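> Numbering (this note's numbering), first residue to last: 41 to 326.
(1) In the DSSP assignment, the alpha helix (DSSP H) including residue 116 goes from what residue to what residue?
(2) Threshold first: 3 residues or longer. Then list the beta strand (DSSP E) segments lying entirely within the stretch 153–203, N to C.
(3) Please classify residue 242: is it buried, with 16 or more other beta-carbons within 10 angstroms of its beta-carbon, or exposed?
(4) Considering only the alpha carbon of each residue, which of 210, 219, 191 and 214 lies closest to residue 233?
(5) Express the C-alpha separation of residue 253 and residue 145 in angstroms, rounding to a whole number.
(6) Whose CA, out of 209, 249, 189 and 255, lies closest to the CA of residue 293?
(7) For the beta strand (DSSP E) containing residue 211, name the first residue and the last one.
(8) Cβ of residue 212 within 8 Å of Cβ of residue 275?
(9) Would you say residue 142 and residue 255 are within 8 Å of each other, going by their C-beta atoms?
(10) Around the Cβ of residue 147, are there at least 16 other Cβ atoms within 10 angstroms (buried) or fewer (exposed)?
(11) Using alpha carbons as the reference points, say which of 107, 202 and 113 lies closest to residue 188.
(12) Within 10 angstroms of its Cβ, does residue 257 collect 16 or more other Cβ (buried), or is it exposed?
(13) When the distance is taken between beta carbons, is residue 227 closer than 8 Å to residue 165?
(14) So, residue 156 versus residue 173, is the Cβ gap smaller than 8 Å?
(15) Measuring only the C-alpha atoms, how far is residue 269 from residue 95?
(16) With a CB to CB cut of under 8 Å and the five nearest residues on each side skipped, what residues in its chain are close to residue 110?
(17) According to DSSP, residue 246 sits in a beta bridge with which residue or residues?
(18) Give me the Cα-Cα distance between residue 55 and residue 163, rounded to the nearest whole angstrom.
(19) Between the Cα of residue 186 and the Cα atoms of 193, 200 and 194, which residue gives the shortest distance?
(20) If we ignore side chains and look at the alpha-carbon of each, how far apart do residue 75 and residue 105 end up?
(21) Does DSSP put residue 144 in a helix, in a strand, or in coil?
(22) Going straight from the alpha carbon of residue 219 to that of residue 271, what length do you get?
(23) Quick one: what does DSSP say residue 285 is sitting in, helix, strand or coil?
(24) Return the chain-ordered list of same chain residues with a C-beta closer than 8 Å to the C-beta of residue 181, the five sequence neighbours on each side being excluded.
(25) Using the beta-carbon count (16 or more within 10 Å), is residue 279 buried or exposed?
(26) Please report the distance separating the alpha-carbon of residue 262 from that of residue 99.
(27) Quick check: what's the CA-CA separation for residue 87 versus residue 60?
(28) Name the two residues that bound the continuous alpha helix (DSSP H) containing residue 73.
Pasting the structure below:
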């Protein structure tokens, strides 16, 4: 498994992705050991994913992630000459209509932030700044969870992060965000410097990606927003609000670190009214 881990890292996968893939593969191998069948035959794969979607009720995105992990592992084994060819048709899924990304309105964002400011506790302030930074910077979960104080350039107001595919990108900060950061850092300076990480758990240790997801999920349950509060929802919201306020779609794509314009275009579905207004205003026959 260590060789496979090195292979994933050499392909430019983030540490978050590598950990997730290794976990998925270990679970599959453990499942197959109880089946007493081959690890790599179609029947084992079919039984495993039927179990995950049926009994475990995993969501479609979670199933796709697990399929991607196993497909990568099988291809790695084939490349190493350690396993016979697996039919790639098994991993192909029918093309589904793309869902409009979950996002929050500006009023909902304000409600979340103001609610988190009501109780004046250290952990509540940490939660407030966590949500604030997700929304203000459009961070991915892996980017924010690995953020170090040294990555933040306060004078120039930008942050250096290692994004998807191990690519470096720059996130810009407003003066308001810098001021919020200064207050947060002043309050938790000792803990931040000890962990070399901005966010910490109740024991004062570095907060893991799963810990962040748990916190956001807990906030969502308490607030009854009828929407899932998860890291990518804030990234979707960040992009949507930029576009709604007139930002150019290509520049938004660059800011988000998208490798293709088609990835950014999904956000335009959220804003048909504005697009229609732009068309009527600009087109000669509008």
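All residues carry an ideal CB built from backbone N, CA and C; glycine is no exception. A quick note: this is a predicted structure, and the numbers were derived from the prediction, not measured.
Taking the definition as stated:
(1) Working through the chain shown from its first residue, we reach residue 116 at position 76. In the DSSP annotation of this structure, the continuous segment of the alpha helix (DSSP H) that includes residue 116 starts and ends at 100–119.
(2) Runs found: 198–202.
(3) Translated into positions along the chain shown, residue 242 becomes position 202. Exposure of residue 242 is indicated by the presence of fewer than 16 other C-beta atoms within 10 angstroms of its C-beta.
(4) The sequence position of residue 233 within the chain shown is 193, counting from 1. If we check each option's Cα against that of residue 233, 191 comes out closest.
(5) What you label residue 145 is simply residue 105 of the chain shown in a count that begins at 1. What you label residue 253 is simply residue 213 of the chain shown in a count that begins at 1. One C-alpha to the other measures close to 20 Å.
(6) Position 253 of the chain shown, counted from the start, is the residue given in the question as residue 293. Ranked by how close their Cα comes to the Cα of residue 293, the residues 209, 249, 189 and 255 have 209 in first place.
(7) Position 171 of the chain shown, counted from the start, is the residue given in the question as residue 211. Membership of residue 211 in the beta strand (DSSP E) is indicated by the continuous run 208–212.
(8) If you number the chain shown from 1, residue 212 lands on position 172. If you number the chain shown from 1, residue 275 lands on position 235. Against a cut-off of 8 Å, the Cβ pair of residue 275 and residue 212 comes out as no contact.
(9) Along the chain shown, read from residue 1 onward, the residue named residue 142 stands at position 102. Along the chain shown, read from residue 1 onward, the residue named residue 255 stands at position 215. Not a contact, by the Cβ cut-off of 8 Å.
(10) Mapped onto the chain shown, residue 147 falls at position 107. Using a 10 angstroms sphere on the CB of residue 147, the tally of other CB atoms stays under 16, which defines it as exposed.
(11) Numbered from 1 along the chain shown, position 148 holds the residue referred to as residue 188. Of the candidates 107, 202 and 113, the one whose C-alpha sits nearest the C-alpha of residue 188 is 202.
(12) Reading the chain shown from its first residue, position 217 is the one you call residue 257. Of the other Cβ atoms in all chains shown, fewer than 16 fall within 10 Å of the Cβ of residue 257; this residue is therefore exposed.
(13) Walking along the chain shown from the start, residue 165 turns up at place 125. Walking along the chain shown from the start, residue 227 turns up at place 187. With respect to the 8 Å criterion, residue 165 and residue 227 are classified as neighbours on the basis of their beta carbons.
(14) Along the chain shown, read from residue 1 onward, the residue named residue 156 stands at position 116. Along the chain shown, read from residue 1 onward, the residue named residue 173 stands at position 133. In this structure, residue 156 lies away from residue 173, with their beta-carbon atoms at least 8 Å apart.
(15) For this step, residue 269 is matched to residue 229 along the chain shown. For this step, residue 95 is matched to residue 55 along the chain shown. Cα-Cα distance, rounded: 25 Å.
(16) Stepping through the chain shown from its first residue, residue 110 is reached at position 70. Closer than 8 Å at Cβ, skipping near neighbours: 64, 65, 68, 85 and 131.
(17) As a working mapping, residue 246 is identified with position 206 in the chain shown. Partner(s): 240.
(18) Translated into positions along the chain shown, residue 55 becomes position 15. Translated into positions along the chain shown, residue 163 becomes position 123. About 26 Å.
(19) Taking the chain shown and counting its residues from 1, one reaches residue 186 at position 146. Checked all of 193, 200 and 194; the closest Cα to residue 186 is 200.
(20) The residue given as residue 75 occupies position 35 in the chain shown. The residue given as residue 105 occupies position 65 in the chain shown. Their Cα atoms are separated by approximately 22 Å.
(21) On the chain shown, residue 144 is found 104 positions in, with the first residue counted as 1. DSSP places residue 144 in the coil class of the three-state scheme, outside both helix and strand.
(22) Translated into positions along the chain shown, residue 219 becomes position 179. Translated into positions along the chain shown, residue 271 becomes position 231. Going from the Cα of residue 219 to the Cα of residue 271 covers about 23 Å.
(23) Mapped onto the chain shown, residue 285 falls at position 245. In this structure, residue 285 counts as coil in the three-state DSSP scheme.
(24) In the chain shown, the residue the question calls residue 181 occupies position 141. In chain order, 56, 249, 252, 253, 271 and 272 place their CB closer than 8 Å to the CB of residue 181, counting only its own chain and leaving out the 5 sequence neighbours on each side.
(25) Locating residue 279 in the chain shown gives position 239, where the first residue counts as 1. So residue 279 counts as buried.
(26) Translated into the one-based positions of the chain shown, residue 262 becomes position 222. Translated into the one-based positions of the chain shown, residue 99 becomes position 59. As the crow flies, the alpha-carbon of residue 262 is around 22 Å from that of residue 99.
(27) Numbered from 1 along the chain shown, position 47 holds the residue referred to as residue 87. Numbered from 1 along the chain shown, position 20 holds the residue referred to as residue 60. Looking at the two C-alpha atoms, the distance is approximately 21 Å.
(28) One-based indexing of the chain shown puts residue 73 at position 33. Element bounds for residue 73: 55–75.
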